[in-house]
Every structure is written in structure tokens, then in C-alpha cells.
Amino acid sequence: RGQVWRLLTGHFVHFGTGHLAVNLAAFAIILGWAWRSGRLGSSLLLLLAGCPVLGLLLLLSGADWYAGLSGILHGMLVLLIMRLPIGLRVAGLAVVLVKLLWQFNTGGESNFLDPALPVSQASHWFGVALGVVFHYLESAARVRLTGT
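Heads up, the sequence shown is in the numbering used here, so the first residue is 76 and it goes up one at a time.
Here it is, written out as C-alpha cells:
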């Protein structure tokens with residue numbers, strides 16, 4: 076209670092250097108893809124807008140703990156996948172869905188860095204949902220502004 080700042084900062088706190096390193100590596104890869112595809116601005120906007128939204132969703136879901144960027148990274152990845160040609164988009168989303176279902180079926184105990192720390196499945200699912208919603212909101216705004 077009274078610690079609203081954690082809605083933002085929980086994404087930037089990590090369980091250790093290994094956790095931080097994996098998140099930073101994924102972040103660098105996703106930002107590189109976003110930059111090369113001309114989607115860096117959208118990806119960074121999702122990062123900034125998504126952090127408090129994801130934090131609030133996790134709070135409302137009753138999640139006991141959360142740390143790291145993986146939820147937001149899932150959203151940024153899906154945002155980029157949603158802009159691929161349809162065949163690649165379907166394949167990319169299928170890979171993400173299989174990964175999420177695998178984590179769900181293993182009870183979230185797929186944390187190769189420290190098996191004692193379960194993966195925050197809710198953050199990954201919420202992140203994917205944010206990426207999809209952000210894509211459609213952005214598409215609607217583009218149509219409204221440009222008519223295309």
C-alpha cells in the first residue's frame with residue numbers, strides 16, 4: 076500500500092546479474108530490430124506507456140511478486156511481430172504462443188538462470204496482450220490521421 080512507484084520501477088529491478096544480463100540482451104535485440112524496421116519510436120512508446128499499465132495489471136491480478144523487463148519485452152516483441160507480413164506474423168505469434176503455453180504447462184519453472192525463481196507467467200501474458208492492443212490502437216490512430 077502507498078508504493079505506487081513500484082508500478083514503474085518493478086520492471087527495472089532484477090533478481091541478480093544473470094537475470095539483468097538476459098533482459099538487457101533481449102532488450103538490445105528487440106531495439107535493434109525496432110530500429111532496423113523503422114519502429115523504434117513505437118517500441119519505446121510501448122516501453123514507457125506499458126510499464127505502468129503492466130504494473131497495474133499485475134497488481135490487480137493479485138501477483139505476489141514481479142521483477143524484470145520480460146513482460147514488457149514480450150509486448151515489444153509482439154508489437155514488432157504484428158507488423159510482419161501475414162505468413163511471418165502467424166509463424167511469429169505461434170512461436171510466442173507455444174513458448175507461453177510451455178511455461179504454463181511446466182508451472183512457470185522454466186527459469187534457466189535460477190530454477191528456484193519461477194517465471195512470472197502473468198507478466199508475459201499481459202505483455203503479449205499489451206503488444207497486440209498497442210498495435211491495434213496505433214493502427215487505428217494511423218488510419219484516423221492519414222486515412223490509410
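We put the beta carbon where it would ideally sit given N, CA and C, even for glycine.
*asked:* At the level of alpha carbons, what is the spacing between T221 and F90?
replied: Rounded to whole angstroms, T221 to F90 spans 44 Å at the Cα level.
*Among L212, R217, S214 and V97, which has the Cα closest to the Cα of A142?*
If we check each option's Cα against that of A142, V97 comes out closest.
*asked:* Quick check on the burial criterion: 16 or more other C-beta atoms within 10 angstroms. Buried or exposed for A109?
replied: Answer is buried; the Cβ neighbour count reaches 16.
*For the segment 103-191, list the alpha helix (DSSP H) runs that are entirely contained and at least 4 residues long, ordered along the chain.*
For the segment 103-191, the continuous alpha helix (DSSP H) assignments of 4+ residues that do not extend past its boundaries occur at 115-136, 145-156 and 161-180, in sequence order.
_Starting from S195, trace the alpha helix (DSSP H) in both directions and tell me its first and last residue._
It is not in any alpha helix (DSSP H) - S195 carries neither H nor E in the DSSP assignment.
*Measure the CB-CB distance between H199 and G146 and report whether it falls below 9 Å.*
Cβ distance < 9 Å, so H199 and G146 count as in contact.
*From the DSSP output, in three-state form, read off F209 for me.*
Three-state result, F209: helix.
*Whose CA, out of L154, L148, L168 and Q196, lies closest to the CA of T181?*
The shortest C-alpha to C-alpha distance from T181 to any of L154, L148, L168 and Q196 is the one to Q196.
*With a CB to CB cut of under 7 Å and the five nearest residues on each side skipped, what residues in its chain are close to L122?*
Scanning its chain for C-beta atoms nearer than 7 Å, with the 5 sequence neighbours on each side dropped, one finds around L122 the residues I147 and M151, in chain order.
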